[in-house]
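Those protein sequence lines, which keep their order, are chains A and B. Residue numbers for the first sequence follow the working numbering, so the first one is 1 and each next one is one higher. Residue numbers for the second sequence follow the working numbering, so the first one is 1 and each next one is one higher. Built from N, CA and C at the ideal position, the CB exists for glycine as well. Working notes for the structure below.
2 protein chains.
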Amino acid sequence: MMPPKNKIEVPDIVVSRLPLYLRALNFLAEEGVETISSAELAQRLGISSAQIRKDLSFFGEFGKQGTGYNVEFLRKKIKEILNLTRIWDVALVGAGDLGHALVHYGGFLGQGFRISLVFDNNPQKIGQEIAGLIIQPASRMKELIRQHGIQIAIIAVPASAAQKVTDELVAAGVRAILNYAPITLKVPPDVHVQYIDPVTRLQHMTYYLK
Amino acid sequence: MMPPKNKIEVPDIVVSRLPLYLRALNFLAEEGVETISSAELAQRLGISSAQIRKDLSFFGEFGKQGTGYNVEFLRKKIKEILNLTRIWDVALVGAGDLGHALVHYGGFLGQGFRISLVFDNNPQKIGQEIAGLIIQPASRMKELIRQHGIQIAIIAVPASAAQKVTDELVAAGVRAILNYAPITLKVPPDVHVQYIDPVTRLQHMTYYLK
Chain A
1 MMPPKNKIEV
11 PDIVVSRLPL
21 YLRALNFLAE
31 EGVETISSAE
41 LAQRLGISSA
51 QIRKDLSFFG
61 EFGKQGTGYN
71 VEFLRKKIKE
81 ILNLTRIWDV
91 ALVGAGDLGH
101 ALVHYGGFLG
111 QGFRISLVFD
121 NNPQKIGQEI
131 AGLIIQPASR
141 MKELIRQHGI
151 QIAIIAVPAS
161 AAQKVTDELV
171 AAGVRAILNY
181 APITLKVPPD
191 VHVQYIDPVT
201 RLQHMTYYLK
Chain B
1 MMPPKNKIEV
11 PDIVVSRLPL
21 YLRALNFLAE
31 EGVETISSAE
41 LAQRLGISSA
51 QIRKDLSFFG
61 EFGKQGTGYN
71 VEFLRKKIKE
81 ILNLTRIWDV
91 ALVGAGDLGH
101 ALVHYGGFLG
111 QGFRISLVFD
121 NNPQKIGQEI
131 AGLIIQPASR
141 MKELIRQHGI
151 QIAIIAVPAS
161 AAQKVTDELV
171 AAGVRAILNY
181 APITLKVPPD
191 VHVQYIDPVT
201 RLQHMTYYLK
C-alpha cells in the first residue's frame, strides 16, 4: 500500500465526496455485500468509476485490480480519514421547528455525531426538554461549549441572528458550523462552514425547468 | 448589452452559484442598497469578484465599469434566468418532524416556492392538517401531482422508502427533486435531484478537525 499523501494536498471537492462513498458503503454493509467494484459503486453514486478511483488514490491503494473494494475495509479507512472513529459532540443553536426536527433526527448518532447541547434565547423555551436535552439559554453558550470542549455547532436560528451566533460560537472554540440560516457567514479562515438552504437548492433546479 | 449565450453552455457549477448571488442581492435590497461593486458582493459571499464577473458574463453584461451592479436590476435578471418570475408549486412527501418543519418554514414563499400538497402513508397522519394543508394519502400522489401540474417535489421520508417515492414522483411528471433522505436516488437524465444531508456535510468538516 502506498503511503497516504499529505492531507493538505487533497482538494476540498474530493473531501466532499468521501462522505457519499461512506454512506453508500454503509448501505452495502447493511445489505451484507462484502466486495464491490468501482463500476458498481459508481453506478450507485452517479459518479464515474474513474472519479472514485482518482479520489481514493489521494489516500492510498484501497482496491485490488480485478477484485474491487472490500466494503468493510474501505468503510473503516474512510472513517479514519474523516476522523469518524470517535463520536463528535455537537451544539445546536435554535430550538424552533427545525431545531426540534434535528434533535429528533435518528441519523446522527450512528454516523459519528451526538447533539449534546441545545440553546435558544426565548425565555419560554429555556428549561424545556427535547429528547432528553434541556434547552439552555443562549447567554450560556460560550461557557457551556467551552466546558464540553465542543468543536462543532449547528445553527438553526433566523438569518437576522445567525452572524451574532456565529461570532459567539467561534469565540467559544467552535471550528465547524453547519448553517441552516439563509445567509453567508463571516468566519476566520480556520473555521469551516457548510450551508444547508433548501431555497437555493430549489432555485438551482428551476433554472432547468420550463 | 451582449446577447445571452445559449443556456446549454452554462456549467452547472455556475448555475449553482446564481441562487447565492440572488440571496445576497435580496438582503442588499432589504437594506436599501442600490448599487454594489463586484468586490463588495465578493466579500459578502466569500467568492472572488473575478468569479462573480465570470459567472454573470455567461448571461450578459450586468455591471458598468466603475459603477458596479444595480442591485434591483441584477436581482430581476437573475430571477429571470432562474425562472423565478412565477411561483412554483411544490409537493412534499413525508409529514414527519422534518416535513412539519418544512411546511412551517417561512422562507419558501418569498423566494418563488409554495408547498401545495403534502403526502404521507401513515393512516394516523392522513387527513390531518399542517398549516392549512390536509395530509393526503401517498396512494393519491400520482393523481394529485398530475392534476396540479406539479414539477417539483421534496422528499422527506426514510431512506428505505425514498427510491419508491422517487419512481412514483417521476411517473407523475416531477422533474426536480429536493431529497432529504440519506440515499443517492436513481432518476432518468431529464430529472434533477439536489441532496440535503446534514450528516455528509458534518463528515466533510470533521476531515479538517483534530
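Open item on the list: Suppose only complete runs of 4+ residues qualify. What are the alpha helix (DSSP H) ranges in the region 23-56 of chain A, listed by chain order?
Closed with: 38-45
Open item on the list: Tell me the DSSP secondary structure of Val187(B) in three-state form.
Closed with: coil
TODO: Can you give me the start and stop residues for the alpha helix (DSSP H) that Ile78(A) sits inside?
DONE: Val71 to Ile81
Open item on the list: Any beta carbon from chain B within less than 8 Å of Arg44(A)'s own beta carbon?
Closed with: yes
TODO: Give the interface partners of Gly32(A) over in chain B, defined as CB-CB distance under 7 Å, in chain order.
DONE: Per Cβ cutoff of 7 Å: no residues; Gly32(A) is ~16 Å from chain B at best.
TODO: Determine the closest residue to Ser139(A) out of Val199(A), His148(A), Asn122(A) and Leu133(A), with distance taken between C-alpha atoms.
DONE: Asn122(A)
Task: Ile134(A) versus Ile155(A): straight-line alpha-carbon distance, rounded - done: 17 Å
- [ ] Can you grab the Cα-Cα spacing for the pair Arg175(B) / Ser16(A), in whole Å?
- [x] 26 Å
Open item on the list: Assuming contact is defined by CB atoms lying nearer than 8 Å, are Phe108(A) and Val199(B) in contact in what I supplied?
Closed with: yes
- [ ] Classify Arg114(B) as helix, strand or coil using the three-state DSSP reduction.
- [x] strand
Open item on the list: Cutting at 8 Å between CB atoms, please list the residues of its own chain near Pro3(A), excluding the five before and the five after it.
Closed with: Reliability fails at Pro3(A), whose pLDDT of 48 lies under 50, so the model's placement of it is uncertain and no value is given.
Open item on the list: I need the straight-line Cα distance from Leu169(A) to Lys186(A), nearest angstrom please.
Closed with: CA-to-CA, the gap between Leu169(A) and Lys186(A) works out to about 12 Å.
Open item on the list: Rounding to the nearest angstrom, what Cα-Cα distance links Thr206(A) and Leu98(B) in this structure?
Closed with: 23 Å
Open item on the list: For Val165(A) and Val93(A), what's the separation of their Cα atoms in angstroms?
Closed with: 8 Å
Open item on the list: With distance defined between alpha-carbon atoms, name the residue in Gln65(A), Ile152(A), Ser48(A) and Phe119(A) nearest to Pro137(A).
Closed with: Out of Gln65(A), Ile152(A), Ser48(A) and Phe119(A), the CA that lies nearest to the CA of Pro137(A) is found in Phe119(A).
Task: Test: Ser116(B) CB closer than 8 Å to a CB of chain A - done: no
Open item on the list: Can you tell me which residues form a DSSP beta bridge with Ile152(A)?
Closed with: Val90(A) and Ala176(A)
Open item on the list: Below 8 Å on the Cβ atoms is my contact criterion, and I expect Ala172(A) with Ile145(A) to pass it. Report the Cβ-Cβ distance as a whole number of Å.
Closed with: Confirmed, Cβ separation roughly 4 Å.
- [ ] Find the residues of chain A that neighbour Arg23(B), judging by a C-beta separation of less than 7 Å, and give them in chain order.
- [x] Pro182 and Thr200
Open item on the list: So if DSSP puts Phe119(A) in a beta bridge, which residue, or which two residues, is it bridged to?
Closed with: Per DSSP, Val93(A) and Gln136(A).
Task: Host alpha helix (DSSP H) of Gln203(B) (start-end) - done: Pro198 to Thr206
Open item on the list: Any heavy atom of the ligand ADP closer than 7 Å to the beta-carbon of Asn121(A)?
Closed with: The ligand ADP is not part of this structure, which contains no ligands at all.
- [ ] With 7 Å as the C-beta to C-beta threshold (strictly closer), list the residues of the region 155-176 of chain A near chain B in chain order.
- [x] Arg175 and Ala176
Open item on the list: Considering just the uninterrupted stretch of the beta strand (DSSP E) at Val193(A), what are its terminal residues?
Closed with: That run of the beta strand (DSSP E) goes His192 to Tyr195.
Task: C-beta contact flag for Asn179(B) and Leu209(A) at 8 Å - done: No. Outside cutoff.
- [ ] Please look up how many angstroms separate the CB atoms of Thr35(B) and Gly66(B), rounded, as I've assumed it's under 8 Å.
- [x] That belief does not hold up - the Cβ atoms of Thr35(B) and Gly66(B) are roughly 11 Å apart, past 8 Å.
- [ ] Just mark Ser38(B) as buried or exposed, buried being the case when its beta carbon has 16 or more other beta carbons within 10 Å.
- [x] buried
TODO: Output the distance between the C-alpha atoms of Gln111(B) and Gly127(A), rounded to the nearest integer angstrom.
DONE: 35 Å
- [ ] Please look up how many angstroms separate the CB atoms of Pro11(B) and Gln203(A), rounded, as I've assumed it's under 8 Å.
- [x] The pair is not a contact, with the Cβ atoms about 17 Å apart (cut-off 8 Å).
- [ ] Sort Leu45(B), Val14(B), Val33(B) and Glu40(B) by Cα distance to Pro182(A) and report the nearest one.
- [x] Leu45(B)
- [ ] List the residues of chain A that Leu212(B) touches, going by C-beta distances under 7 Å, in chain order.
- [x] No information on residue 212(B) is available, as it lies outside the stretch 1 to 210 that chain B covers here.
Task: Host alpha helix (DSSP H) of Val170(A) (start-end) - done: Residues Ala159 to Ala171.
Open item on the list: I'd like to confirm the pairing. Which residues does DSSP put opposite Glu129(A) in its beta bridges?
Closed with: Ile134(A)
Task: Cβ pair Lys79(A), Phe62(A) closer than 8 Å - done: no
- [ ] Give the single residue among Val193(B), Ala159(B) and Gln194(B) whose Cα lies nearest to the Cα of Ala24(A).
- [x] Ala159(B)
Task: Ala153(B) vs Ile177(B) beta-carbon contact at 8 Å - done: yes
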